[in-house]
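Novice: This is the structure, below, for whatever I ask next.
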Amino acid sequence: AIAACVPGAFGFAPAGVSLMKTRSLSLRGPRMAGEKVGNVNEIPPGERKITKVGDQDVMVVNHKGTVYALSPKCPHLGLPMKTGEISDDGPCIKCKFHGSKFKLDDGKCVEWSTGVLGIPGTQALGGFIGNVGGAKNSPATVFAVEVDAEGGIIVDTSKTGRSGVAA
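Numbering-wise, the sequence shown is residues 1 to 167 according to full-length UniProt numbering.
Spelled out as C-alpha cells, the structure:
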C-alpha cells in the first residue's frame with residue numbers, strides 16, 4: 001500500500017515515473033549528516049572548488065553534471081590535484097606531478113606514478129618515486145556527497161569510499 005502512494009518507496013517506480021530526475025529528499029529518506037559547501041550553480045561542469053569541511057580540505061568536482069567530493073591531495077606524495085586532468089574513463093583524475101590516476105567515484109587507483117611531471121622518458125624515475133610516500137596503489141580519499149532540492153552541495157567527510165551524485 002505504501003509503495004502505491006510513494007513512487008520508488010521500495011527501489012522501483014511505476015511506469016512513466018523516473019527516480020533519476022527527482023531531487024526530492026522525501027523519496028531518498030532523511031538527509032545525510034554533513035556540511036553545505038556551496039551550490040551547483042557555483043561549480044559549473046568542468047570546474048572544481050577547494051573548500052573546508054571542519055578541518056578537512058575537500059575538493060568538489062563537477063564532471064559533466066555529476067558532483068564528486070575528494071581530498072585535494074594525491075595519496076602518493078600529498079601534492080595538490082586541483083589542476084589534475086579529468087578524463088571520462090571512470091571518470092578519473094590524474095595527478096599532474098607523477099601521473100597517478102584515481103577514479104572520482106570510489107578513489108580506486110587505476111594507474112600509479114608513471115613518470116615525473118609528464119616528461120617522456122622519466123618512467124623509470126617515476127617508478128622509483130612511486131615507491132616513496134603513500135603505499136603503492138593507495139586510493140584517493142573520496143567523500144559522500146549529496147545535492148539537495150535547492151542545489152546545495154552537502155559533503156560528509158565521516159563517510160568515505162563512495163562519491164558522486166547528479167547535480
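All C-beta atoms in this analysis are idealised placements derived from N, C-alpha and C, irrespective of residue type, glycine included. Everything numeric in this text was worked out from a predicted model, so none of it was measured.
Measuring straight from C-alpha to C-alpha, what distance separates Glu-85 and Ala-166?
Specialist: Approximately 20 angstroms between the Cα atoms of the pair.
Novice: What does Leu-70 pair with, by DSSP beta-bridge criteria?
Specialist: DSSP, once it has assigned bridges, lists Met-59, Val-142 as partnering Leu-70.
Novice: Leaving out five residues before and five after Gly-29 in sequence, what residues of the same chain have Cβ atoms less than 8 angstroms from its Cβ?
Specialist: Low confidence applies to Gly-29: its pLDDT is 42, below 50, so where it sits in the model is not reliable, and the reading given next is rough at best. Correct list: empty, nothing qualifies.
Novice: Among the candidates Pro-45, Asn-41, Ile-43, Asp-55, whose CA atom is the shortest distance from the CA of Glu-35?
Specialist: Ranking the options by Cα distance to Glu-35, first place goes to Asp-55.
Novice: Given this structure, state the Cα-to-Cα distance separating Arg-23 from Ile-50, to the nearest angstrom.
Specialist: Below a pLDDT of 50, predicted positions are generally treated as unreliable, and Arg-23, at 32, falls in that range; the measurement from the model is reported next regardless. Distance between the alpha carbons of Arg-23 and Ile-50: 25 angstroms.
Novice: Could you tell me which residues DSSP pairs with Ala-149 in its beta bridges?
Specialist: Answer is none; Ala-149 lacks a bridge partner.
Novice: Is Gly-65 helix, strand or coil by DSSP?
Specialist: The answer is coil: DSSP assigns Gly-65 none of H, G, I, E or B.
Novice: Which same chain residues, not among the five before or five after Val-37, have their C-beta less than 7 angstroms away from its C-beta?
Specialist: Excluding positions up to five away in sequence, the list reads Thr-51, Val-53, Val-58, Val-60, Ile-153, Val-155.
Novice: Take Asp-106 as the anchor and find which of Gly-78, Gly-164, Lys-94 has the nearest alpha-carbon.
Specialist: The option with the nearest alpha carbon to Asp-106 is Gly-164.
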